[in-house]
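Numbering (the numbering used here), first residue to last: 889 to 1270.
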């Protein structure tokens, strides 16, 4: 992999490759996951209900085109590994890697807005340049895979006898849903963790990244091994979440703007709708539901709910900051109190979304990008 450049072609390869691919060009590391617990083996040899696999492959399915998804048979399970749906098709330094997560990591390295370092090296041009990352990730993955039950299950259970299997299963399910706060997830992160470094950022928390992925991989191995034990839990979760409140645009647009009372909510929605449009990679920054959650919690209730963007912040942060800075430029005159407006509008972004730094992003607040277009100022008079 020494000569494989980190570029859009590599992204295409990761999105479209089928089967399992082992990267062993830099030395044959021993596979961490044995055959009996390997997801490919378990899904090919065991009967796993489609309700469970739907959640498992959700992130991967989001990477294929609507036509590709439409062309899949209704029961796609036999085709997970013969098509480009396998969530963990890559083995690097002996450790499995999520297709979705790895794609997001590579995306963040292509034409970034600032320098990215890995152990002080900022020349991350080829896949081989990431070897130190993959090696440390593998150490964490091995520990997480090996110690999942001891670290994440046993401390929360009084016993692990046969009559306590339901409690055991519930605890595993709580882990893959982040204590029921998220959908069941096959991967723990979206992209790298970054920390400020010189004039750029440093890839950090590498061991922890691998550890969490190892925990999750082992959790799903357990689920696939015990379909009948976990199926009622997944069904209950699915039936419950289908009844959860879905925010409706028409209802929210009729509500008052309690953060900027002189500005209509309709304008707030129209302005920030640009974030639901695709970026240069074809990925929207936010879903419609996330946008409505942001507007209702921040502007209507004045109690922000911090969410995550659906794109890599390393590559898109400047564009996103630009949207919020332009919102200030367009709307500041609607404020009765003209003091501390920079802080107020920065907080709209900072309190509403994860991934921003109080210091670094506040300093760069006025650095805008011409790449993302927003609507004009409101037309209504003050």
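All residues carry an ideal CB built from backbone N, CA and C; glycine is no exception.
- The shortest C-alpha to C-alpha distance from residue 1076 to any of 1067, 1097, 1061 and 1088 is the one to 1097.
- According to the DSSP assignment, residue 1240 belongs to the alpha helix (DSSP H) that extends over 1229-1240.
- In the DSSP assignment, residue 1157 falls within the alpha helix (DSSP H) that extends over 1153-1160.
- The beta carbons of residue 1079 and residue 996 sit closer together than 8 Å.
- A straight-line Cα-Cα distance of about 15 Å links residue 999 and residue 1015.
- Here residue 1009 is bridged, per DSSP, to 1006.
- The Cβ neighbour count for residue 950, taken over all protein chains shown within 10 Å, is under 16; the residue is labelled exposed.
- Taken in chain order, the unbroken stretches of alpha helix (DSSP H) that lie wholly in the segment 1174-1236 and span 4 residues or more are 1176-1183 and 1201-1219.
- Annotation: residue 1244 is outside any beta strand (DSSP E) and is labelled neither H nor E by DSSP.
- Looking at the backbone, the Cα of residue 1136 and that of residue 1195 are separated by about 18 Å.
- Under the DSSP definition of a beta bridge, residue 1041 lacks any partner.
- In the structure shown, the three-state DSSP call for residue 1083 is strand.
- Cα atoms of residue 920 and residue 939: separation of roughly 28 Å, rounded to the nearest angstrom.
- When secondary structure is reduced to three states using DSSP, residue 902 falls in the helix class.
- The straight-line gap separating the alpha-carbon atoms of residue 1109 and residue 945 is approximately 14 Å.
- Beta-bridge analysis with DSSP links residue 1088 to 1085.
- Within a 10 Å sphere around the beta-carbon of residue 1189 sit fewer than 16 other beta-carbons, which makes this residue exposed.
- Residue 1107: member of the alpha helix (DSSP H) spanning 1094-1113, first to last residue.
- A direct Cα-to-Cα measurement between residue 1005 and residue 1151 gives close to 43 Å.
- In its chain, beyond the 5 residues on either side, 1081 have a beta carbon closer than 7 Å to the beta carbon of residue 1093.
- In this structure, the straight-line span from the alpha carbon of residue 1227 to that of residue 1205 is close to 26 Å.
- From the listed residues 1221, 1139 and 1243, the smallest Cα separation to residue 1148 is found for 1221.
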